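Enquirer: Numbering (our numbering), first residue to last: 7 to 132.
I'd like to ask some things about the structure below.
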Amino acid sequence: KMPKRVKSSKTRRQLTEDALAAKGKDAVCAEGRFPQNLILMGDEKPQRYADLDEVRGGKQNPITSHHFKLMESSKASKTDVLETCEALMEAFRSDIAARAEGHKGSRIYGAVTEHWLCHRNAKICS
């Protein structure tokens, strides 16, 4: 786990590299970091993944036949998202570390945002 504030840029880079190299449940792409009921939202293009609990409006709401149809994609969805995460981490590992090292904000989580990784670098999000 990374500390909230790290002033030294070299230390930020080293901590980032350590976090990206973590294995098991501490890995950046560990299965536990994603929604438990991840689903593919139909056959739309581009593909969109969501948490079933959010789609149905919370766990307290009933599951409909539409939800059961969406649940069929759960295992494949989780596999797709995990593989994509691992590919992104492998492809952008050094860019992420450099971004963390050069970040001027007071908190490290602002260094690598979804917009920076997904939209600007990987260009896979819309």
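For each residue, glycine too, the CB sits at the ideal point set by N, CA and C.
Source: prediction; values computed, not measured.
Where are the beta strand (DSSP E) runs, 3 residues long or more, that stay fully inside the region 47–71, in chain order?
Expert: If we require 3 residues or more, the beta strand (DSSP E) runs fully inside the region 47–71 come out as 55–57.
Enquirer: Return yes when the Cβ of Thr22 is within less than 8 Å of the Cβ of Ile102, no when it is not.
Expert: Cβ atoms of Ile102 and Thr22: closer than 8 Å.
Enquirer: Classify Ile45 as helix, strand or coil using the three-state DSSP reduction.
Expert: DSSP places Ile45 in strand when its eight states are reduced to three.
Enquirer: On a Cα-Cα basis, can you pick out the residue from Lys51, Leu44 and His72 that is closest to Leu88?
Expert: Checking every option, the nearest Cα to that of Leu88 belongs to Leu44.
Enquirer: Kindly list the residues whose CB is nearer than 7 Å to the CB of Lys65, restricted to its own chain and excluding five residues on each side of it in sequence; keep chain order.
Expert: Result list for Lys65: Asp59, in chain order.
Enquirer: Here's a check: name, in chain order, each residue in its chain whose Cβ is nearer than 7 Å to the Cβ of His125, leaving out the five neighbours to either side.
Expert: If we look at His125 and ignore the five residues flanking it on each side, its Cβ neighbours are Cys131.
Enquirer: Hey, Ala117 and Ala128: beta-carbon distance below 8 Å or not?
Expert: Against a cut-off of 8 Å, the Cβ pair of Ala128 and Ala117 comes out as no contact.
Enquirer: In terms of residues, what are the limits of the alpha helix (DSSP H) holding Leu88?
Expert: Element bounds for Leu88: Ser80 to Gly108.
Enquirer: So, is Ile69 buried or exposed, given that buried needs 16 or more other C-beta atoms within 10 angstroms?
Expert: Ile69 should be labelled exposed.
Enquirer: With DSSP run on the structure shown, which of helix, strand or coil describes Ile114?
Expert: In this structure, Ile114 counts as helix in the three-state DSSP scheme.
Enquirer: With respect to the alpha helix (DSSP H) encompassing Arg18, which residues constitute its N-terminal and C-terminal limits?
Expert: Counting along the chain, the alpha helix (DSSP H) containing Arg18 begins and ends at Ser15 to Ala27.
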